[in-house]
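Visitor: Just dropping this structure here.
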């Protein structure tokens with residue numbers, strides 16, 4: 486594996502040599518995943534992974550609901566729907582779960598997780614302070630693993646699966662100690 490230095494990244498084909506000033510202030514805000522059963526997904530993301538539900542928006546006529554989740558303390562969330570909408574628009578790493586009403590009762594898989602043919606979307610990632618401790622906890626909670634620590638050539642990351650089969654990569658910012 487080759488890791489590029491900052492200077493070396495400028496040589497990658499297709500990479501702009503400088504950031505266009507017109508994009509100053511742009512942030513990557515959220516990723517949306519479609520979920521079959523919001524109750525199961527909300528339990529997984531809030532109880533198992535520690536996300537907080539920051540906002541819920543129902544579109545009854547169009548028959549879908551949006552759930553916006555963040556890795557933040559509940560005390561950090563502003564009061565009032567408009568204040569939360571604005572706050573969420575300024576955050577990085579928001580997870581939007583979209584539930585199309587009625588999918589919870591459909592038989593078989595409802596959505597493609599992107600990790601079977603034809604491949605597309607791959608995974609989201611959560612950085613944790615201690616990936617070993619996180620994996621022990623997730624194992625005890627019965628969370629399904631796609632890849633355990635130590636499996637394969639990348640032995641410092643793990644992948645778990647959410648209730649819809651989406652993969653979630655688990656990393657820690659510091660190198661694993663032996």
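Numbering (my numbering), first residue to last: 486 to 663.
For glycine and all other residues, C-beta sits at the position ideal for the given N, C-alpha and C.
Is the segment 646 to 653 touching the segment 527 to 543, taking contact as three or more C-beta pairs under 8 Å?
Guide: yes
Visitor: Please classify residue 523 as buried or exposed, where buried requires at least 16 neighbouring CB atoms within 10 angstroms.
Guide: buried
Visitor: Between residue 616 and the rest of its own chain, which residues show a CB-CB distance below 6 Å, the 5 nearest in sequence each way excluded?
Guide: Within the same chain, residue 616 has close Cβ partners 655, 657.
Visitor: Please state whether the Cβ-Cβ distance between residue 518 and residue 539 is less than 7 Å.
Guide: Contact flag unset, no.
Visitor: Skipping 5 residues on each side, what residues in its chain have a beta carbon closer than 6 Å to that of residue 598?
Guide: 650, 651
Visitor: Are residue 584 and residue 550 close, meaning C-beta to C-beta below 7 Å?
Guide: Yes, they are a contact pair.
Visitor: Assign residue 591 to one of three DSSP states: helix, strand, or coil.
Guide: Looking at residue 591 - three-state DSSP - the assignment turns out to be coil, as it is neither helix nor strand.
Visitor: Between the Cα of residue 513 and the Cα atoms of 659, 640, 574, which residue gives the shortest distance?
Guide: Comparing Cα-Cα distances from residue 513 to each of 659, 640, 574, the minimum goes to 574.
Visitor: Rounded to whole angstroms, how far is the Cβ of residue 556 from the Cβ of residue 578, which I believe are closer than 8 Å?
Guide: The C-beta distance from residue 556 to residue 578 rounds to 7 Å, short enough to fall under 8 Å.
Visitor: Taking all protein chains shown into account, decide if residue 520 is buried (16 or more other Cβ within 10 angstroms of its Cβ) or exposed.
Guide: buried
Visitor: Would you check if the distance between the CB atom of residue 620 and the CB atom of residue 643 is smaller than 7 Å?
Guide: yes
Visitor: When burial is assigned at 16 or more other CB atoms within 10 Å of the CB, is residue 526 buried or exposed?
Guide: Residue 526 comes out buried.
Visitor: DSSP on residue 617, reduced to helix/strand/coil?
Guide: helix
Visitor: When the distance is taken between beta carbons, is residue 606 closer than 7 Å to residue 581?
Guide: Cβ atoms of residue 581 and residue 606: not closer than 7 Å.
Visitor: Quick one: what does DSSP say residue 568 is sitting in, helix, strand or coil?
Guide: Three-state DSSP puts residue 568 in a helix.
Visitor: Please list the terminal residues of the continuous beta strand (DSSP E) segment that includes residue 661.
Guide: Premise fails: residue 661 is in no beta strand (DSSP E) and is neither H nor E.
Visitor: Taking the alpha-carbon positions, what's the residue 602 to residue 594 distance?
Guide: 14 Å
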